[in-house]
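Take a look at the structure set out below.
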Amino acid sequence: MRAMRVLRLVVHTRTREPVLLLGEIDGDRCLPVFLHRAPAEVIAAGRRNESDPPLTQDVLLPVVTGLGHRLDGAEITQLRDGRFSAALVFDSSTRVPVRPSDALAVAVRYGLPIGVADEILDDVGQPIADLFPDGTDAPPDQQLRDFREFLDDVSPDDFGSAGR
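Structure (structure tokens):
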């Protein structure tokens, strides 16, 4: 499992579907994940603050904690037939299968670690430099232009459809 970070959330030009771009924390590959709209909106809202109005995903952590457990993170575990599988990780070892877009929304909302199986990155991971020729430290508008140019030439089928 490779530790990942959120690089960008954008909308695919042709399909109008949200795409979350995850990048390796200690590496140079990234993974575009096509999302359902509702979890994409949660991701766009960002990490939860106490002053935020509660969202549906915000009930999960208090329930888990109230039951005496800990929510440790989200993992994208498999890519089969163009579809990702994912799980939320509880108490370091219990994995509960959920839709990938929901797992990512919960992880982003609570600032939890996100992992992606090595096999997935080996199969469909893209060099970050291919998507962001000017680097991820380039101004955000340049990064978005670079990423949109990349997305113009791909479709959800090229990476799997995370939430589907």
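When you read off a place in the sequence shown, starting at 1, and then add 1207, the result is the number in the numbering used here. Where is the CB? At the ideal position from N, CA and C, for every residue including glycine.
Report buried or exposed for T1284, applying the criterion of at least 16 other Cβ atoms within 10 angstroms of its Cβ. Label assigned to T1284: buried.
Cβ-based burial, L1311 [other Cβ within 10 Å; buried from 16]: With 16 or more Cβ atoms within 10 Å of its Cβ, L1311 is classed as buried.
What does I1283 pair with, by DSSP beta-bridge criteria? DSSP output for I1283 lists A1293 and V1323 as bridge partner(s).
DSSP three-state label for G1367, please. Unreliable positioning characterises G1367 in this predicted model, as indicated by a pLDDT of 48, which lies under 50. A coordinate reading is not provided.
Which listed residue (R1290, Q1264, M1211 and D1279) has its alpha carbon closest to that of I1250: Put simply, of R1290, Q1264, M1211 and D1279 the residue whose alpha carbon is nearest the alpha carbon of I1250 is Q1264.
CB-CB under 6 Å to G1367, same chain, minus the five flanking residues each way: which ones, in chain order? Per-residue confidence for G1367 stands at a pLDDT of 48, beneath the threshold of 50, marking its modelled position as unreliable; no derived number is given.
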